[in-house]
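Chemist: Provided herewith is a single structure, encoded as structure tokens, for subsequent inquiry.
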Amino acid sequence: GESVGLHLPTLSVQEGDNSIINCAYSNSASDYFIWYKQESGKGPQFIIDIRSNMDKRQGQRVTVLLNKTVKHLSLQIAATQPGDSAVYFCAERVAGGYNKLIFGAGTRLAVHP
Amino acid sequence: DTAVSQTPKYLVTQMGNDKSIKCEQNLGHDTMYWYKQDSKKFLKIMFSYNNKELIINETVPNRFSPKSPDKAHLNLHINSLELGDSAVYFCASSPSQGGMTEAFFGQGTRLTVV
Numbered sequence: 001g002e003s004v005g006l007h008l009p010t011l012s013v014q015e016g017d018n019s020i021i022n023c024a025y026s027n028s029a030s031d032y033f034i035w036y037k038q039e040s041g042k043g044p045q046f047i048i049d050i051r052s053n054m055d056k057r058q059g060q061r062v063t064v065l066l067n068k069t070v071k072h073l074s075l076q077i078a079a080t081q082p083g084d085s086a087v088y089f090c091a092e093r094v095a096g097g098y099n100k101l102i103f104g105a106g107t108r109l110a111v112h113p
Numbered sequence: 114d115t116a117v118s119q120t121p122k123y124l125v126t127q128m129g130n131d132k133s134i135k136c137e138q139n140l141g142h143d144t145m146y147w148y149k150q151d152s153k154k155f156l157k158i159m160f161s162y163n164n165k166e167l168i169i170n171e172t173v174p175n176r177f178s179p180k181s182p183d184k185a186h187l188n189l190h191i192n193s194l195e196l197g198d199s200a201v202y203f204c205a206s207s208p209s210q211g212g213m214t215e216a217f218f219g220q221g222t223r224l225t226v227v
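Written as structure tokens, this is what we have:
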């Protein structure tokens, strides 16, 4: 079956610390990966993406790492802030799959002052 | 400006009723989607349309019928609602097939069937 990642665990961090959220994907044919952030009562919001021919991509305070050998994706958030508290999803797109995204169950990030 | 907007935001209805959720995007995207998010936050694709043509139809009961009058709109009609249909339904859109094209999501419609 199709599966990406997590079963909604919670990651608790102190404000200012770095956060790392991990995700395992299952489909070797996936060519594109996205991290989304979902705040309470809102829709998923794009954070950062990475193509399968890359192993690292950096944004503002966020970095995505891709390890295709073990089919693992991670999201690193530097200097985590209270506004980063949300549920984070990784999603994979299977090549030739009409841009269909397969989502994992998400990780809840709780940032404490 | 709201990029992907869906209405209503909340919908409470009785079992057996028929209801519709509307979605519009003003991003000029060719592809639109419906996703369902269950109580455990799991997001799963239901349908996708590209230029008004159905291209993805996951294993969804045929009580669910999407309709795309034009490429900026994708509505979802649900017949004979059941308790298990209670969920948050998200509409999304993306620019095109292929490339690095993330999907943009609406705010969701929380459907509660009682």
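Going line by line, the protein sequences match chains E and S. Numbering-wise (this note's numbering), the first sequence opens with residue 1 and increments by one. Numbering-wise (this note's numbering), the second sequence opens with residue 114 and increments by one. For each residue, glycine too, the CB sits at the ideal point set by N, CA and C. These figures come from a predicted structure and were not determined experimentally.
Does the distance from the CB of V87/E to the CB of G106/E come in under 7 angstroms?
Modeler: Yes.
Chemist: Just the chain S side, please: which residues come within less than 7 angstroms of V87/E by C-beta, in chain order?
Modeler: K154
Chemist: Does L8/E come out as helix, strand or coil in the three-state DSSP assignment?
Modeler: coil
Chemist: Check whether the segment 75–86 of chain E and the segment 52–62 of chain E touch, using three or more Cβ-Cβ pairs below 8 angstroms as the test.
Modeler: yes
Chemist: DSSP three-state call for L194/S: helix, strand or coil?
Modeler: coil
Chemist: Buried or exposed, going by whether 16 or more other CB atoms sit within 10 Å of the CB of K149/S?
Modeler: buried
Chemist: At the 7 angstroms Cβ level, is F46/E part of the contact set with chain S, yes or no?
Modeler: Yes, F46/E counts as interfacial toward chain S.
Chemist: Cβ of L73/E within 7 angstroms of Cβ of F33/E?
Modeler: yes
Chemist: Put P208/S into one of helix, strand or coil per three-state DSSP.
Modeler: Residue state for P208/S is assigned as coil, using DSSP reduced to three classes.
Chemist: Can you tell which of S26/E, L65/E and K37/E has the C-alpha that lies nearest to the C-alpha of D84/E?
Modeler: K37/E
Chemist: Starting from G219/S, find everything on chain E with Cβ-Cβ shorter than 9 angstroms and list it in chain order.
Modeler: G43
Chemist: Which residues in chain S have a C-beta closer than 8 angstroms to the C-beta of A110/E? List them in chain order.
Modeler: Within chain S, no residue comes near A110/E; the closest Cβ sits about 14 angstroms away, beyond 8 angstroms.
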